[in-house]
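Trainee:
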Amino acid sequence: MLPPGSTIGILGGGQLGRMLAVAAAQLGYHIHIYAPDAESVAAQVAAQHTQAAWDDEPRLAAFAAACDVVTYEFENVPVDTVRFLSGHVAVRPGAGVLEIAQDRLAEKNFVAGLGGRPAPFAAVPDRAALDAALDQVGAPAILKTVRMGYDGKGQARLAAAGDADAAWDAIDRHAAVLEGFVTFAHEFSVLMVRGIDGETRFWDSSVNVHEGGILATSSLPPPRQILDQQDEARALLAKIADDLDYIGVLTGEFFATDDGPIFNEMAPRVHNSGHWTIEGAVTSQFENHIRAVAGLPLGDTATVALPVVMRNLIGHDIDGVPELLADGAAHVHHYGKAEVRAGRKLGHVTWAGTSPA
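When we follow the numbering used here, the leftmost residue of the sequence shown carries the number -1, and every step to the right adds one.
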C-alpha cells in the first residue's frame, strides 16, 4: 500500500492521464508523466514531466527511479517500454494485457478461448487473404488494421466483395482483421476495477452512441436489453481480468443483440464511456484506478442518481462551454488542449440526476 506522498508514474500525456492525475492528487499522491509528445495536457496538472522517446532507456530508467509505481493511460504504449520499466519498478497493469489489446486478432482469439463471443472474423495479413476472408465472413463487413486505430481510424467498410480493393487501400494495406457485421440494438460498456488482492467491482453499464466512429454520448439507465445482458458481459470481463491477473480499471465494449452480448473490444485503462463516473458514481473510474495500482481498498462504484448523461465535446463543440457553464446542472471538463480541430476530443460535460436541458 503506497503511503500519501508517493509518486505514481503515468505513461502517456493525454486527457485520461490528466483526470488520473487529478484523482491521485485528491488521495495525496504526486504524479510523474512520461510521454514523447511536446503537448501534454496531463503534465499541466502533474508534479513532474519527462518528455522523451518510448525507447530512451536512460530516461526510462530515471523515470522508474523517480516513481513508486507506474501505470498507463492508453493502450498503445510500446510493450517493450513496459517490459523495460517492469525490470525497475512495478507497472500495473502489466505488459501481458498490452500485448493482447494491441493486436486485434490476438484479442479476438484470446476472448474466444475464454468462451466469449466476438463478431465473426478472419485474419487478413495481405490483399490475397482479404478475398478468402470475404468468402468466410461475408459482406457487409468492416476491415480493421490489426494494430493501432481508434475513434474510427484504421477502418474501412465493405458493402460488398467488390469494395475489397478500395478498403485495402483505405487502411494503407496494413495487416488487418475482417469483421462480419453484427445486427445489434445497442452498444454498451462494462467497466470494472480489480485490486491487487483480486477484489472486483463493476460500475453500471452505460448505453453508448457513436457519431462518425467517435463516442458522442454515454447515458444511464440503459435500455432493458442491456440490463438483461449485463451480467453475462461482466462475467466475461471478470474472466479476462482473472486470467491476466489484471490490476486497475478494465473496460469491455459490447453489442447488445437478440442472441446476447457480443464482445467488440477491450481497453486496459480508464475509458471515455466511464467519464460519467466522476459525478455520477460514488467513486469514479479514475480514483478507483489509482486506488487499485496503489494497493488501496477499492471505492464504492454505485451510481449516485439517475439519469446520467455524458456528452463529449468534439471539435468546435468546445466553443459552447460558456453556455454549458450557465446550466447549473452541467459539470464541464475542459482538457486544456490548445488546438481545436474536427474529430478531436477537447472535453466532456456530464449531467447527473437530471437530463440536459
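Think of the CB as a built atom: it goes at the ideal place given N, C-alpha and C, for glycine as much as any other residue.
(1) Taking 8 Å as the threshold, find out whether the segment 26 to 37 comes into contact with the segment 47 to 54 through three or more Cβ pairs.
(2) Just checking, does the segment 220 to 233 make contact with the segment 74 to 81 on the three C-beta pairs under 8 Å criterion?
(3) In angstroms, rounded to a whole number, what distance separates the CA positions of ASP129 and ASP161?
(4) Apply the 10 Å Cβ neighbour rule to ALA324 and answer buried if 16 or more other Cβ atoms are within range, or exposed otherwise.
(5) Could you tell me whether any Cβ in chain C is nearer than 9 Å to the Cβ of VAL291?
(6) Taking 8 Å as the cut-off, does the segment 52 to 64 touch the segment 194 to 214 (at least 3 CB pairs, one atom from each stretch)?
(7) I'd like the list of long-range same chain contacts for ALA421, defined as Cβ closer than 8 Å, with 5 residues on each side in sequence excluded.
(8) Contact between the segment 183 to 198 and the segment 293 to 312 is defined here as three or more beta-carbon pairs at a separation below 8 Å; is this criterion met?
(9) Is it true that the CB of SER204 sits closer than 9 Å to the CB of PRO221?
(10) Report the rounded CA-to-CA distance for ILE312 versus GLU337, giving the unit in angstroms.
(11) Using a threshold of 9 Å, state whether the C-beta atoms of GLU251 and SER271 are closer than that.
(12) Would you call the CB atoms of ALA173 and ASN262 closer than 9 Å?
(13) Report, in whole angstroms, the separation of the C-beta atoms of ALA165 and ALA154, which I expect to be a contact under 8 Å.
(14) Just to confirm, is the Cβ distance from PRO259 to ARG102 under 9 Å?
(15) Using a threshold of 9 Å, state whether the C-beta atoms of ARG267 and TYR27 are closer than that.
(16) Using CA coordinates, which residue listed in ARG16, ASN286, GLN24, GLU230 is at the minimum distance from HIS360?
(17) Do PHE182 and THR255 come within 9 Å of each other at the CB atom, strictly closer than that value?
(18) Which of the three DSSP states, helix, strand or coil, is assigned to MET264?
(19) Could you work out which residue in VAL302, LEU18, ALA168, ALA62 is closest to HIS269 when comparing CA atoms only?
(20) So is the beta-carbon of GLY152 under 8 Å away from any non-hydrogen atom of the ligand ZN?
(21) Mind listing, in chain order, the continuous alpha helix (DSSP H) runs of no fewer than 4 residues lying wholly within the segment 53 to 99?
(22) Have a look at ARG339, TRP274, ASN310 and flag the residue whose alpha-carbon is nearest the alpha-carbon of GLY351.
(23) Do you know how far the Cα of GLU285 is from the Cα of VAL20?
(24) Taking Cβ positions, are VAL61 and LEU25 nearer each other than 9 Å?
Mentor: The short version:
(1) Contact between the segment 26 to 37 and the segment 47 to 54 is present, because at least three Cβ pairs lie under 8 Å.
(2) Segments in contact, no.
(3) Each residue's Cα considered, the two are about 10 Å apart.
(4) The residue in question, ALA324, is exposed, as its Cβ has fewer than 16 Cβ neighbours within 10 Å.
(5) Among the chains in the structure shown there is no chain C, since it carries only a single protein chain.
(6) When Cβ pairs closer than 8 Å are counted between the two stretches, the segment 194 to 214 is seen not to touch the segment 52 to 64, the count staying below three.
(7) The structure shown does not extend to residue 421, since the chain is modelled only from -1 through 355, so no value can be given for it.
(8) Cβ pair count under 8 Å is three or more, so yes.
(9) No, Cβ-Cβ distance for PRO221 and SER204 is not below 9 Å.
(10) Using only the alpha carbons, I get a separation of about 12 Å.
(11) In this structure, SER271 lies closer than 9 Å to GLU251 by Cβ.
(12) Contact: no.
(13) So it is a contact: roughly 4 Å between Cβ atoms.
(14) Not a contact, by the Cβ cut-off of 9 Å.
(15) No, the pair does not count as a contact, with Cβ atoms beyond the cut-off.
(16) Shown here, the chain extends from -1 to 355; a query on residue 360 therefore has no answer.
(17) Taking 9 Å as the cut-off, the Cβ atoms of THR255 and PHE182 count as close.
(18) Strand, per DSSP.
(19) Among VAL302, LEU18, ALA168, ALA62, the Cα nearest to that of HIS269 is on LEU18.
(20) Because no ligand of any kind appears in the structure shown, any question about the ligand ZN cannot be addressed here.
(21) If only uninterrupted alpha helix (DSSP H) runs of at least 4 residues are considered, those enclosed by the segment 53 to 99 are 55 to 64, 77 to 84, 93 to 99.
(22) For GLY351, the nearest C-alpha among the options comes from TRP274.
(23) Going by the C-alpha atoms only, they are around 9 Å apart.
(24) Note that residue 61 corresponds to Phe in the displayed sequence, not to Val. A distance of 9 Å or more separates the beta carbons of PHE61 and LEU25.
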